[in-house]
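In full-length UniProt numbering, the protein residues as written are 1 to 539. Backbone N, C-alpha and C define an ideal beta-carbon position, used for all residues, glycine too. From a predicted model like this one, the values you see are computed outputs, not experimental measurements. Read the structure below first, then the notes.
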C-alpha cells in the first residue's frame with residue numbers, strides 16, 4: 001500500500017554568511033529580460049512544500065558524497081537496513097556497465113541526444129483561435145493592470161475548469177485547471193490583456209509550436225504546448241502540469257545541495273534540451289533553476305552531517321540532513337524570451353546571476369550564452385548558492401575573474417573598445433562597458449566601488465576550490481566547467497560537444513543513486529500490490 005504523504009520542515013542548517021548569501025532572493029533589476037518568468041509558471045504547487053512518501057531518514061545514507069552506498073536488497077523492506085555487496089560484486093557490475101555502449105547506469109534512462117529532423121524550419125506566426133463567451137459576456141474579467149481575475153471553479157473557455165492560482169508575474173497569471181475532455185489537470189498561462197504582453201506571448205507560442213513540431217514525443221524535455229486560445233481578451237497557453245522548480249526544491253530543503261549523480265543527470269538532460277534548441281537555431285536566453293521543473297518532487301531524507309560546499313570564503317554552512325529526489329527527471333520551461341539567432345536580439349537578456357560575459361560587455365551574443373548559464377546552474381546545484389550573486393556589472397566581471405582565475409581576454413577588451421567608440425554618441429557613459437577596463441585589463445575595483453563589494457569579490461573561491469579534485473568524478477566535472485566558463489563565446493564548448501565529455505562516462509555512487517533504488521523498489525511493491533488487488537477482484 002502507498003505510504004501517506006507527510007509534510008516536513010526544511011532541514012536545519014548552521015550558517016554564517018552575509019545576508020547577500022542567505023537571502024537567496026533574485027531581485028529584478030533594470031537589466032533583466034522584460035518577459036522573464038520567475039514564478040515557476042507550470043508547477044502544480046504554490047511553492048510552500050515538497051512531498052516525502054516516507055518522512056524518515058534513510059539508514060543507508062552515504063556518509064560521504066562519493067562513497068559506495070549499498071545496492072538495494074529486494075528482500076528488505078524500504079526503510080530497513082540493506083546488505084552491502086562485496087567489492088568483487090560491485091567491481092563486476094561496474095565492468096559490465098563499462099562494456100555497454102551508449103549511456104550507462106543511472107544516465108541510461110535519458111538516452112542519446114535526438115536532433116530535430118533535417119530541414120526543420122521555424123514556424124510562421126501563430127493563429128490563436130478566439131473563443132466566444134456565451135455565458136457572461138458583460139462580466140468584469142480584468143483588474144486595473146489587465147490581469148485576469150481568477151475565480152475558482154469558473155470556466156476557462158469551453159474546455160477547462162479553473163481550479164486555483166499557481167503564480168503571477170509581469171506577463172500575467174498561471175492557474176491550475178482541469179481539462180474536462182481528458183479529465184487531466186493542466187497548467188494555463190493567462191496573458192495580461194495588454195498589447196505588448198499579447199505580442200510577446202505570440203512569439204512564445206511560435207517557439208513552442210516549432211519545438212512541438214520538431215519533437216512530438218518530447219525526447220528533449222522542453223515543455224510541450226497542449227493548446228492555446230484567446231478568451232475574453234486574454235491569450236491562454238495550456239501545458240502539462242509539472243512539479244516544483246529546481247530552485248524551489250533547493251529553497252524548501254534549506255539550500256542543501258544536490259548529490260553529484262543528480263547534478264550529472266540534470267546536466268545530461270539540460271544539454272539535450274540546449275542542443276535541440278541550438279540545432280533549431282534558437283537561444284533560450286533565460287536558463288536558471290526557476291525555469292527547470294521537476295517531473296516529481298517526491299524525496300527521501302538522508303543523513304548529511306557535513307559542511308556544505310561554498311563558492312565564497314565568507315560563507316560557512318553545514319547541515320545534518322538532506323532531501324534527495326527519488327527521480328531527477330526535469331523539463332525546461334519559459335520560452336518567452338527565446339530568440340531565433342537570425343532575428344532581432346535585445347541588447348540585454350538573461351537573469352543577472354546567469355548572464356554571460358559577452359552580454360555584459362555589449363559585444364553581441366548568440367547560442368554560447370546558454371552554455372554559460374548552464375555552468376552557473378550546475379555550480380549552484382553543487383553548493384546550493386547562486387554562484388554570481390550580484391547586480392553590478394563591474395562586480396560581476398570581477399567575480400568571473402576571481403572564480404576562473406583568469407583575466408578577461410585582451411581581444412574581447414579590444415572589441416569592447418571598438419563597439420564603444422562606434423556607439424559613444426548614443427550611449428550613457430555610466431553604462432558603457434569600456435569604463436570597466438584600463439590598460440587592456442579589468443579595472444576592478446573602480447574608484448567608486450563600495451568596500452563591501454571589494455570584500456565580497458575578494459572572498460570568491462576559484463573553481464578548483466569550490467569543487468576539489470579529490471576523485472575522478474570531481475576532476476572531470478571541473479574540466480567540463482572550465483570548458484564552459486570561457487570568456488570568448490567562440491571558444492566556449494558547444495552543447496553537442498559537452499554531451500561527449502568523459503564526465504558523463506564516470507558514474508558515482510551517492511545518496512542520489514540510493515534514492516533511485518528506493519524509487520525502483522517502491523514501484524515494484526506498488527505493481528505487486530496492484531496485481532494482487534486485480535487478482536482478488538477476478539476471483
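Whose C-alpha, out of the options, is nearest the C-alpha of residue i?
i: residue 520; options: 291, 325, 313 and 224; result: 325
i: residue 300; options: 288, 312 and 327; result: 327
i: residue 263; options: 539, 294, 162 and 120; result: 294
i: residue 306; options: 317, 489, 389 and 313; result: 317
i: residue 569; options: 231, 303 and 195; result: Nothing can be reported for residue 569, as the shown portion of the chain is limited to 1 through 539.
i: residue 413; options: 435, 396 and 141; result: 435
i: residue 284; options: 253, 184, 346 and 194; result: 346
i: residue 206; options: 124, 280, 265 and 214; result: 124
i: residue 475; options: 507, 238 and 522; result: 507
i: residue 334; options: 113, 275, 534 and 350; result: 350
i: residue 273; options: 480, 524 and 211; result: 211
i: residue 197; options: 219, 146, 222 and 213; result: 146
i: residue 192; options: 185, 165, 149 and 220; result: 149
i: residue 440; options: 275, 369, 278 and 407; result: 407
i: residue 461; options: 472, 398 and 489; result: 398
i: residue 379; options: 203, 304, 288 and 363; result: 288
i: residue 515; options: 297, 421, 199 and 139; result: 297
i: residue 364; options: 381, 352 and 344; result: 344
i: residue 433; options: 304, 402 and 360; result: 360
i: residue 139; options: 469, 372, 233 and 420; result: 233
i: residue 311; options: 253, 203 and 403; result: 403
i: residue 332; options: 166, 453, 276 and 472; result: 276
i: residue 188; options: 172, 194, 203 and 202; result: 172
Considering only residues of the same chain and omitting the five flanking positions on each side of residue i, which have a CB-CB separation below 6 Å?
i: residue 229; result: 129, 131, 157 and 236
i: residue 376; result: 354 and 387
i: residue 533; result: none
i: residue 279; result: 115 and 116
i: residue 368; result: 489 and 492
i: residue 454; result: 445
Output needed for residue i: all residues of its chain with C-beta closer than 7 Å, excluding positions within five of it in sequence on either side, in chain order.
i: residue 65; result: Its pLDDT being 35, under 50, residue 65 is placed unreliably by the model, and the measurement read from it follows with that caveat. 259, 260 and 510.
i: residue 384; result: 250, 255, 256, 257 and 308
i: residue 161; result: 153, 155, 177, 178 and 180
i: residue 89; result: Its pLDDT being 48, under 50, residue 89 is placed unreliably in this model, and the coordinates cannot settle the point.
i: residue 502; result: 476
i: residue 486; result: 492
i: residue 374; result: 270, 274, 287 and 484
i: residue 410; result: 440
Pull up the CB-CB distance for residue i and residue j, whole angstroms please, since I reckon it's below 8 Å.
i: residue 467; j: residue 456; result: Contact flag wrong, Cβ pair sits at about 20 Å.
i: residue 394; j: residue 449; result: 7 Å
i: residue 186; j: residue 238; result: 5 Å
i: residue 499; j: residue 110; result: 10 Å between Cβ atoms; not a contact.
i: residue 336; j: residue 200; result: 6 Å
State the start and end residues of the unbroken beta strand (DSSP E) segment that holds residue i.
i: residue 190; result: 184-191
i: residue 545; result: The structure shown does not extend to residue 545, since the chain spans only 1 to 539, so no value can be given for it.
i: residue 160; result: 160-169
i: residue 177; result: 172-179
i: residue 230; result: 227-231
i: residue 321; result: 316-325
i: residue 332; result: 330-332
i: residue 149; result: No beta strand (DSSP E) contains residue 149, which DSSP labels as neither H nor E.
i: residue 293; result: 292-294
List the endpoints of the continuous alpha helix (DSSP H) containing residue i.
i: residue 372; result: 368-383
i: residue 140; result: Where residue 140 is concerned, there is no enclosing alpha helix (DSSP H), given that its DSSP letter is neither H nor E.
i: residue 274; result: 260-279
i: residue 559; result: Residue numbering for the chain in the displayed model covers 1 to 539; residue 559 lies beyond these limits and cannot be assessed.
i: residue 198; result: 195-214
i: residue 244; result: Unbroken run through residue 244: none, as it is neither H nor E.
i: residue 399; result: 393-404
i: residue 464; result: 463-466
i: residue 341; result: Where residue 341 is concerned, there is no enclosing alpha helix (DSSP H), given that its DSSP letter is neither H nor E.
Just mark residue i as buried or exposed, buried being the case when its beta carbon has 16 or more other beta carbons within 10 Å.
i: residue 1; result: Note that residue 1 has pLDDT 36, beneath the 50 cutoff, so the model's placement of it is unreliable and the number below is only indicative. Looking at its Cβ environment, which holds fewer than 16 other Cβ atoms inside 10 Å, residue 1 is exposed.
i: residue 390; result: buried
i: residue 5; result: Residue placement at residue 5 is flagged as unreliable, the pLDDT there being 37, under the threshold of 50; a coordinate-derived value is accordingly withheld.
i: residue 497; result: exposed
i: residue 220; result: buried
i: residue 396; result: buried
i: residue 21; result: Low confidence applies here, because residue 21 scores a pLDDT of 42, under 50, leaving its location unreliable; read the following figure in that light. The residue in question, residue 21, is buried, as its Cβ has 16 or more Cβ neighbours within 10 Å.
i: residue 182; result: exposed
i: residue 357; result: buried
i: residue 268; result: buried
i: residue 341; result: exposed
Who are the near neighbours of residue i in its chain, counting only those whose CB is closer than 8 Å to its CB and skipping five residues on each side?
i: residue 535; result: none
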